[in-house]
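Peer 1: The following block contains the structure, expressed as structure tokens.
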Amino acid sequence: MDSPPLEKWLEPAIAPLDSWPTKTAEAKEIQKAEREQVISQNRFCGIENIRTIAGVDVGFEQQGAIARAAVALLDFQTLEPLGVAIARMPTPFPYIPGFLSFREIPAIVRALAKLTCKFPAPPDVIICDGQGYAHPRRFGLACHLGVLLDRPTVGAAKSRLIGQHLPLGEAKGNRELLGDSGETIGVVLRTRDNVRPLYISVGHRIGLDSAVEIVLHCTPKYRLPETTRWADKIASQRGSNKSYAHLICAPNSSDEKSPP
DNA sequence: GCGACAG
DNA sequence: ATCTTGTCGC
Numbered sequence: 006m007d008s009p010p011l012e013k014w015l016e017p018a019i020a021p022l023d024s025w026p027t028k029t030a031e032a033k034e035i036q037k038a039e040r041e042q043v044i045s046q047n048r049f050c051g052i053e054n055i056r057t058i059a060g061v062d063v064g065f066e067q068q069g070a071i072a073r074a075a076v077a078l079l080d081f082q083t084l085e086p087l088g089v090a091i092a093r094m095p096t097p098f099p100y101i102p103g104f105l106s107f108r109e110i111p112a113i114v115r116a117l118a119k120l121t122c123k124f125p126a127p128p129d130v131i132i133c134d135g136q137g138y139a140h141p142r143r144f145g146l147a148c149h150l151g152v153l154l155d156r157p158t159v160g161a162a163k164s165r166l167i168g169q170h171l172p173l174g175e176a177k178g179n180r181e182l183l184g185d186s187g188e189t190i191g192v193v194l195r196t197r198d199n200v201r202p203l204y205i206s207v208g209h210r211i212g213l214d215s216a217v218e219i220v221l222h223c224t225p226k227y228r229l230p231e232t233t234r235w236a237d238k239i240a241s242q243r244g245s246n247k248s249y250a251h252l253i254c255a256p257n258s259s260d261e262k263s264p265p
């Protein structure tokens, strides 16, 4: 199996992989430094002009300590799938809360490279399975990936890392601000009735309101079961086992937070 | 010191 | 992330 060619827009994210950190002390310094490059306001074509959007799901295989990433590219207007790609590799960094990006980004970049083999243009927006600004050092996975690629990203996590919020209504569309240290760091968004909310936060080059708008746009069509099955099918054709590629939410509803 | 803790 | 057990709603 030879490596697929790496497209030009991915090159800035390739170089850092050679000097990838292995300790939290080093990783923390990188987070503090790269944080300065994050743009938390809209610097993209505008939601009306988005052509393609990529959903990135990350995961871990206990057996073999494998980090994995699945990317699903969609036509933003029709939400029709344009392709999926999956990458697996030994974990370059252990899972430590607050440092997820160091375990997953190498696999994400690899998956994006496979995707660009067939779709040369970079995605207009990337929705990430993890936090963005809603992070102890304001530099979650979505921010990290966005800065490395200098592409618009949104953080869409399935559970809370930090922050507090008022009780959230059970109806679709309900939302509450996620706050930390007197600052708004994200939005808790109910994407479907009686379904666990998503934790939306700014990644790179997109404001919080636009991030919520973009996620809601994708929600009616893409939710966990559909896209997982969809990516699994592609994966089996390529000889892999499992895969994940959801954009939006999973069933259940147990955890909610109360006001401070 | 104790609990919390994206995936 | 993953696994198990029990409960509830459609």
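Each residue of the first sequence is one higher than the one before, counting from 6 in our numbering. Positions of the beta carbon are idealized from the N, C-alpha and C atoms, including for glycine.
Can you check DSSP and say which residues form a bridge with P86?
Peer 2: Against the first sequence, residue 86 aligns to sequence position 81. P86 is bridged to L79.
Peer 1: Can you tell me which of the three DSSP states T57 falls into?
Peer 2: Along the first sequence, read from residue 1 onward, the residue named residue 57 stands at position 52. In the structure shown, T57 sits in a strand (DSSP, three-state: E or B).
Peer 1: The beta strand (DSSP E) with R180 in it runs from where to where?
Peer 2: The sequence position of residue 180 within the first sequence is 175, counting from 1. Taken as a continuous stretch (DSSP letters only), the beta strand (DSSP E) holding R180 covers R180 to D185.
Peer 1: Is E181 buried or exposed, if buried means 16 or more other CB atoms sit within 10 Å of its CB?
Peer 2: The count along the first sequence starts at 1 and reaches residue 181 at position 176. Result: buried.
Peer 1: Do you know how far the Cα of E85 is from the Cα of P99?
Peer 2: As a working note, residue 99 is residue 94 in the first sequence. As a working note, residue 85 is residue 80 in the first sequence. Going from the Cα of P99 to the Cα of E85 covers about 35 Å.
Peer 1: Return the CA-CA distance between Y138 and R93, expressed in angstroms with no decimal places.
Peer 2: As a first step, residue 138 is located in the first sequence; it is residue number 133 there, counting from the start. As a first step, residue 93 is located in the first sequence; it is residue number 88 there, counting from the start. So the two alpha carbons sit approximately 26 Å from each other.
Peer 1: How about F107 and P26: are their beta carbons less than 9 Å apart?
Peer 2: One-based indexing of the first sequence puts residue 107 at position 102. One-based indexing of the first sequence puts residue 26 at position 21. Yes.
Peer 1: Could you name the residues of the same chain whose beta carbon sits closer than 6 Å to that of P111, not counting the 5 residues immediately before and after it, in chain order?
Peer 2: Here residue 111 corresponds to residue number 106 of the first sequence, with the count starting at 1. L22 and P97.
Peer 1: In chain order, what residues of the same chain have a beta carbon less than 7 Å from the beta carbon of L11, not counting five sequence neighbours either side?
Peer 2: Against the first sequence, residue 11 aligns to sequence position 6. These residues qualify, in order along the chain: I19 and A118.
Peer 1: Which residue or residues does DSSP assign as beta-bridge partners of I19?
Peer 2: Here the question's residue 19 lines up with position 14 in the first sequence. BP columns for I19 are empty, so no partner.
Peer 1: Alpha carbon to alpha carbon, how far is C148 from H140? Give it in angstroms, no decimals.
Peer 2: Taking the first sequence and counting its residues from 1, the one referred to as residue 140 is at position 135. Taking the first sequence and counting its residues from 1, the one referred to as residue 148 is at position 143. Distance between the alpha carbons of H140 and C148: 10 Å.
Peer 1: Classify P17 as buried or exposed, calling it buried when 16 or more other Cβ atoms lie within 10 Å of its own Cβ.
Peer 2: The residue given as residue 17 occupies position 12 in the first sequence. P17 comes out exposed.
Peer 1: Taking DSSP's pairing of strands, which residues face F65 in a bridge?
Peer 2: As a first step, residue 65 is located in the first sequence; it is residue number 60 there, counting from the start. In the DSSP output, where bridge partners are listed per residue, F65 has A72.
Peer 1: Which same chain residues end up closer than 6 Å to G212 when comparing Cβ atoms and leaving out the 5 residues on each side of it in sequence?
Peer 2: Along the first sequence, read from residue 1 onward, the residue named residue 212 stands at position 207. The answer, listed in chain order, is Q46 and N47.
Peer 1: Find out if the Cβ-Cβ distance for the pair I101, V61 is shorter than 9 Å.
Peer 2: Position 96 of the first sequence, counted from the first residue, corresponds to residue 101. Position 56 of the first sequence, counted from the first residue, corresponds to residue 61. In this structure, V61 does not lie closer than 9 Å to I101 by Cβ.
Peer 1: What are the complete beta strand (DSSP E) segments, minimum 3 residues, inside the region 113-161?
Peer 2: Listed in chain order, they are 130-133.
Peer 1: Run through DSSP, which three-state label would T3 get?
Peer 2: Because the chain here runs from 6 to 265, residue 3 falls outside it and cannot be looked at.
Peer 1: What three-state label does DSSP hand S206 in the structure shown?
Peer 2: As a first step, residue 206 is located in the first sequence; it is residue number 201 there, counting from the start. The answer is strand: DSSP assigns S206 an E or B state.
Peer 1: Could you check whether G191 and Q136 sit closer than 9 Å to each other, using their CB atoms as the reference points?
Peer 2: Along the first sequence, read from residue 1 onward, the residue named residue 136 stands at position 131. Along the first sequence, read from residue 1 onward, the residue named residue 191 stands at position 186. Result yes, Cβ atoms of Q136 and G191 sit closer than 9 Å.
Peer 1: Write down the C-beta distance between I131 and P172 rounded to the nearest angstrom, noting that I regard them as a contact closer than 8 Å.
Peer 2: Position 126 of the first sequence, counted from the first residue, corresponds to residue 131. Position 167 of the first sequence, counted from the first residue, corresponds to residue 172. Contact doesn't hold; Cβ gap of about 31 Å is too wide.
Peer 1: Which residue's Cα is closest to the Cα of L154: S164, P128, D134 and T189?
Peer 2: Taking the first sequence and counting its residues from 1, the one referred to as residue 154 is at position 149. Ranking S164, P128, D134 and T189 by Cα distance to L154 puts P128 first.
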